[in-house]
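Student: Here the sequence shown is numbered in our numbering, starting from 1 and rising by one per residue. Even glycine gets a Cβ: it sits at the ideal position worked out from N, Cα and C.
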Amino acid sequence: MRYLPMRRSKLVGTEGPGSLVISPEGETAVIGALDLWFKDSYGNRARNIEEFAVNEPRLKAILKVDKFYTPPEFRRSSEHALEVVPNSNLVMPLMRFPKWHYCSSCRSLRELELDQTSVYLDCPKCNQKRYYKQVPFVVICDHGHLSDFPWRKWVHNNEDTICNGNLHIQMSGGSTLDSWAIICERCNERRNLQRVTSFDKDDNTSYLGNQLNKDKSKRYTCEGERPWCGDEKEECVAAPVAILRNSISVYMAKKISALAIPGDYSQNVDLIVSKIQSPAKHLVRTNLGLLDNVEKKIKFIRENLRFELREETTDREIEDAIMYIESGEEYEYTEEELERPGLLIKEKEFEKLTSTLSSEELKVELEWEYDVKEEVEENYYKPYLQRLSRVLKLKETTALYGFDRKDFKDNTGYSDYYPSLYKDYSGLHEKWLPVNEVYGEGIFLQLNLEKVEEWESTPTVQKYFEAYLKRIKHVEHRDDSILKPRNIMLHTLSHFLIDELANACGYNRASIRERLYLDEGQIGVLIYISAGDSEGTLGGLVRLGLQDKFFQILDKAKNNAEWCSSDPVCTELGKTQGHGVNGLNGAACYNCSHIPETSCEFWNLYLDRSLLIDKTIGYFRD
1 MRYLPMRRSK LVGTEGPGSL VISPEGETAV IGALDLWFKD SYGNRARNIE EFAVNEPRLK
61 AILKVDKFYT PPEFRRSSEH ALEVVPNSNL VMPLMRFPKW HYCSSCRSLR ELELDQTSVY
121 LDCPKCNQKR YYKQVPFVVI CDHGHLSDFP WRKWVHNNED TICNGNLHIQ MSGGSTLDSW
181 AIICERCNER RNLQRVTSFD KDDNTSYLGN QLNKDKSKRY TCEGERPWCG DEKEECVAAP
241 VAILRNSISV YMAKKISALA IPGDYSQNVD LIVSKIQSPA KHLVRTNLGL LDNVEKKIKF
301 IRENLRFELR EETTDREIED AIMYIESGEE YEYTEEELER PGLLIKEKEF EKLTSTLSSE
361 ELKVELEWEY DVKEEVEENY YKPYLQRLSR VLKLKETTAL YGFDRKDFKD NTGYSDYYPS
421 LYKDYSGLHE KWLPVNEVYG EGIFLQLNLE KVEEWESTPT VQKYFEAYLK RIKHVEHRDD
481 SILKPRNIML HTLSHFLIDE LANACGYNRA SIRERLYLDE GQIGVLIYIS AGDSEGTLGG
541 LVRLGLQDKF FQILDKAKNN AEWCSSDPVC TELGKTQGHG VNGLNGAACY NCSHIPETSC
601 EFWNLYLDRS LLIDKTIGYF RD
């Protein structure tokens, strides 16, 4: 495969190991396994990957891995022999996939190799060089495998066919699958692709699996291909599903993130830790690890951070910082706690966000807090809220731990996914996962828990939500952590706030994200933006957290929620059969409540305007 520019952040997300990426020319490749990373184009291993190491102790404790690394950036080696560029020429492994291509002129099919670079090839039928296009279909299964469509087996109605005649595609010009037909030129077999993408959820079977063989008693199963690891295969009996290679269902990244929170140590220690762990100090981290005693390390830190250290910094504080960096703050969780990892991570974050804090990686300023004695007639919204804080500085670390294909599964067994990211998982000396660090700013809003509980306990709200739960009880892999009226109401409010903040702060909606805090005793949302630069962002969002600006934005967001261009259909359908995937949304559709999926924690599901503004059941109904 040819070289493609890639964003490091996407390698810890939609373009992780096993995903398909598309070049500007329309060619598709699969990202290689993690044990193929940190190598140059000749296969030489990076000399010092510790430069890319990241320490996030809370994520490490939950994911139970040894290390985290950020994807390496590409650095050209120097033209001067005496100038050494560390970790130069590192590239991400790409394999051409799907391997089957067809001639752009005669449409004859041809299978290429995973490492094929050129697609201008001699066509035997045309007797000249032609451009070969990749076929639009691949095959996936529930177990995460990715295979080529079985063209030869399909056209012959037999997975054991021995015919190796030339195949070509015949297109009749229609927009449906039956307008595509495959023809074998040796035996004149012909078969179209009608319904090959069909899947029956009730009995977990696919049309491809049931109908490939002429003998219907013989079911075709997944071939277990893992092209991101090479040509190897695994045994698999799952139902294979044909799908367009650019479909979102081909690769759904499994990620978990955490905000950096300061430990129980002084600001001087916090400063030292922050400076040493910054990307610019990777050589300091590397050389620090080569020293054999604490005294040398303290002296080394004083010499290399002499401009960053405060005058009153003691040797003991430097030693504490070194111990934290080398061993990390130890977090130990029980098995019961690990059954709810997302909420577990956010528990400590919520504690910090609801206080005033000033550290190198998390800075929180209280802007407004509800006081029952305060005169509130001037502002309708204040009794409904508890706290408004401006988060002037934050750092978020996101880890990729696996992926799903076909359907997104709500599975907290993180280690079950790890083997899919590696070519040889059993032979690993240390388990590691890719992470991405971003820095940013945000606004934290906490609702008045007493007011929320009073609203949630009203009979009309209870009756409405019981009907909703009854409607979705058949849905598999639903996220039960959000299935409370308060949580869906807050989630919906978050979306309308993001819309209005995007209009006011100058950032587009796709760059603003939400982080919901929904555990018992918690009811808050952090709306934030971030960037890969350690300097963070420019302050455009946090400025809108000033109370004189924010309450105006909240008012506009609430007013926007009262009307949808699809009303009354949006509202009425939301109350009866629901919107979105499996009817998981109430009164919420693309015309009112949806934001870019990268901004939403729940893929634009679990939304309902009625719980926010309805005259009978809405939180802001008065």
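State the Cα-Cα distance for the pair I482 and K406, rounded to the nearest angstrom.
Tutor: The residue given as residue 482 occupies position 482 in the sequence shown. The residue given as residue 406 occupies position 406 in the sequence shown. Spanning the two alpha carbons is a distance of roughly 23 Å.
Student: Output needed for L366: all residues of its chain with C-beta closer than 6 Å, excluding positions within five of it in sequence on either side, in chain order.
Tutor: Working through the sequence shown from its first residue, we reach residue 366 at position 366. Here the set comprises T356 and S389.
Student: Starting from the C-beta of N379, find all residues in its chain whose C-beta is less than 7 Å away, skip the five residues before and the five after it, and write them out in chain order.
Tutor: Reading the sequence shown from its first residue, position 379 is the one you call residue 379. Answer for N379: F551, listed in chain order.
Student: Are A587 and H594 close, meaning C-beta to C-beta below 9 Å?
Tutor: Position 587 of the sequence shown, counted from the start, is the residue given in the question as residue 587. Position 594 of the sequence shown, counted from the start, is the residue given in the question as residue 594. Their beta carbons are not under 9 Å apart, which means A587 does not touch H594 by this criterion.
Student: Counting only the same chain and skipping the five closest in sequence on each side, list residues whose C-beta sits under 6 Å from that of V269.
Tutor: Mapped onto the sequence shown, residue 269 falls at position 269. For V269, where only same-chain residues beyond five positions count, the Cβ hits under 6 Å are E317, D320 and A321.
Student: At 3 residues or longer, what runs of the beta strand (DSSP E) sit wholly inside the segment 206-265?
Tutor: 241-244 and 252-259, all fully within the segment 206-265.
Student: What is the DSSP secondary structure of D614, reduced to helix, strand or coil?
Tutor: Numbered from its first residue, the sequence shown carries residue 614 at position 614. Note: D614 maps to coil in three-state DSSP.
Student: I need the boundaries of the alpha helix (DSSP H) containing E466, first residue and last residue.
Tutor: Locating residue 466 in the sequence shown gives position 466, where the first residue counts as 1. E466 -> alpha helix (DSSP H) spans P459 to I472.
Student: Counting beta carbon pairs with one atom in the segment 74-87 and one in the segment 21-35, are three or more of them shorter than 8 Å?
Tutor: Contact between the segment 21-35 and the segment 74-87 is absent, because fewer than three Cβ pairs lie under 8 Å.
Student: Mark S426 as exposed unless 16 or more other C-beta atoms lie within 10 angstroms of its C-beta, in which case mark it buried.
Tutor: To locate residue 426, count along the sequence shown from 1; it is residue 426. That one is exposed.
Student: At what residue ranges does the segment 15-54 contain a whole run of the beta strand (DSSP E), taking only runs of 3 or more?
Tutor: Complete beta strand (DSSP E) runs here, min 3: 20-22 and 28-31.
Student: Please return the same chain residues whose Cβ sits closer than 7 Å to the Cβ of L490, not counting the five positions on each side in sequence.
Tutor: Here residue 490 is taken as the residue at index 490 of the sequence shown, counted from 1. Once the five neighbours on either side are set aside, the close Cβ partners of L490 are L447, L516, I523 and V525.
Student: What is the rounded straight-line gap between the Cα of V85 and the Cα of R75?
Tutor: The residue labelled residue 85 in the question sits at position 85 within the sequence shown. The residue labelled residue 75 in the question sits at position 75 within the sequence shown. Going by the C-alpha atoms only, they are around 8 Å apart.
Student: With a floor of 3 residues, list each beta strand (DSSP E) that falls wholly inside the segment 276-332, ordered by position along the chain.
Tutor: Counting whole runs of 3 or more residues, the segment 276-332 contains no beta strand (DSSP E) stretch at all.
Student: Near S257, what residues of its chain come up, given a Cβ to Cβ distance below 6 Å and the 5 sequence neighbours on each side ignored?
Tutor: Sequence index remark: in the sequence shown, residue 257 carries index 257 (1-based). Only E396 and T398 meet the Cβ criterion.
Student: Using C-beta distances below 7 Å, list every residue in its chain close to A510, excluding the 5 sequence neighbours before and after it, in chain order.
Tutor: Position 510 of the sequence shown, counting from 1, holds the residue named residue 510. The answer, listed in chain order, is P596, T598 and S599.
Student: Hey, would you say R130 sits closer than 9 Å to D122, going by beta carbons?
Tutor: Here residue 130 is taken as the residue at index 130 of the sequence shown, counted from 1. Here residue 122 is taken as the residue at index 122 of the sequence shown, counted from 1. Cβ distance < 9 Å, so R130 and D122 count as in contact.
Student: Alpha helix (DSSP H) containing G586: first to last residue?
Tutor: On the sequence shown, residue 586 is found 586 positions in, with the first residue counted as 1. Where G586 is concerned, there is no enclosing alpha helix (DSSP H), given that its DSSP letter is neither H nor E.
Student: Which residues in the same chain have their Cβ closer than 8 Å to the Cβ of P98, if we skip the five residues on either side of it in sequence?
Tutor: Within the sequence shown, residue 98 is the residue found at index 98, counting from 1. Excluding positions up to five away in sequence, the list reads T28, Q134, V135, F137, V138, D148, F149 and R245.
Student: By alpha-carbon positions, which one of N166, L290, A239 and K409 ends up nearest to D200?
Tutor: Your numbering for residue 200 matches position 200 in the sequence shown. Nearest of N166, L290, A239 and K409 to D200, Cα basis: A239.
Student: By alpha-carbon positions, which one of I617, L291, K296 and Y132 ends up nearest to D463?
Tutor: As a working note, residue 463 is residue 463 in the sequence shown. Here the sequence assigns Lys to residue 463, which means Asp is not the residue at that position. Comparing Cα positions, the closest option is I617.
Student: What span of residues does the beta strand (DSSP E) with W180 cover, start to end?
Tutor: The residue labelled residue 180 in the question sits at position 180 within the sequence shown. W180 to C184 is the extent of the beta strand (DSSP E) around W180.
Student: Quick one, are the C-beta atoms of I443 and L541 less than 9 Å apart?
Tutor: On the sequence shown, residue 443 is found 443 positions in, with the first residue counted as 1. On the sequence shown, residue 541 is found 541 positions in, with the first residue counted as 1. A contact, by the Cβ cut-off of 9 Å.
Student: Give me the Cβ distance between V54 and Y69, rounded to the nearest whole Å; I'm assuming they're in contact under 8 Å.
Tutor: Counting from 1 along the sequence shown, the entry for residue 54 is found at position 54. Counting from 1 along the sequence shown, the entry for residue 69 is found at position 69. The Cβ separation is near 7 Å, so the contact holds.
Student: Please state whether DSSP places P383 in a helix, a strand or coil.
Tutor: One-based indexing of the sequence shown puts residue 383 at position 383. In this structure, P383 counts as helix in the three-state DSSP scheme.
Student: Tell me the DSSP bridge mates of Q446?
Tutor: The sequence position of residue 446 within the sequence shown is 446, counting from 1. Q446 pairs with R387 and G524.
Student: Give a yes or no on whether the C-beta atoms belonging to W154 and L208 are separated by under 9 Å.
Tutor: Mapped onto the sequence shown, residue 154 falls at position 154. Mapped onto the sequence shown, residue 208 falls at position 208. Taking 9 Å as the Cβ cut-off, W154 and L208 qualify as a contacting pair.
Student: Can you round the beta-carbon distance between Y120 and I169 to whole angstroms, since I take them to be within the 8 Å contact cut?
Tutor: Along the sequence shown, one-based indexing puts residue 120 at 120. Along the sequence shown, one-based indexing puts residue 169 at 169. Actually they are not in contact, since the Cβ atoms of Y120 and I169 sit about 19 Å apart, beyond 8 Å.
Student: Taking the C-alpha atoms as reference points, what is the distance between I301 and F38?
Tutor: The residue labelled residue 301 in the question sits at position 301 within the sequence shown. The residue labelled residue 38 in the question sits at position 38 within the sequence shown. Their backbone Cα atoms lie some 28 Å apart in a straight line.
Student: Hey, quick one: how far does the beta strand (DSSP E) through S494 stretch, first residue to last?
Tutor: Along the sequence shown, read from residue 1 onward, the residue named residue 494 stands at position 494. Run containing S494: none in the beta strand (DSSP E); it sits in the alpha helix (DSSP H), P485 to C505.
Student: Is L400 near P227, with beta carbons less than 9 Å apart?
Tutor: Along the sequence shown, one-based indexing puts residue 400 at 400. Along the sequence shown, one-based indexing puts residue 227 at 227. No, the pair does not count as a contact, with Cβ atoms beyond the cut-off.
Student: For a test of the three-state rule: what should DSSP assign to S358, helix, strand or coil?
Tutor: Position 358 of the sequence shown, counted from the first residue, corresponds to residue 358. The answer is strand: DSSP assigns S358 an E or B state.
Student: When DSSP labels each residue in this structure, what does Q128 get in the three-state scheme?
Tutor: As a first step, residue 128 must be located in the sequence shown, where it is residue number 128. Q128: strand per DSSP, three-state reduction.
Student: Cα separation between M323 and H145?
Tutor: Stepping through the sequence shown from its first residue, residue 323 is reached at position 323. Stepping through the sequence shown from its first residue, residue 145 is reached at position 145. Each residue's Cα considered, the two are about 42 Å apart.
Student: Per DSSP, K549 forms a beta bridge with which residues?
Tutor: For this step, residue 549 is matched to residue 549 along the sequence shown. Paired residue(s): none; K549 is not in a bridge.
Student: For Y401, which three-state DSSP category applies?
Tutor: For the purposes of this step, residue 401 is taken as the residue at position 401 of the sequence shown. Note: Y401 maps to strand in three-state DSSP.
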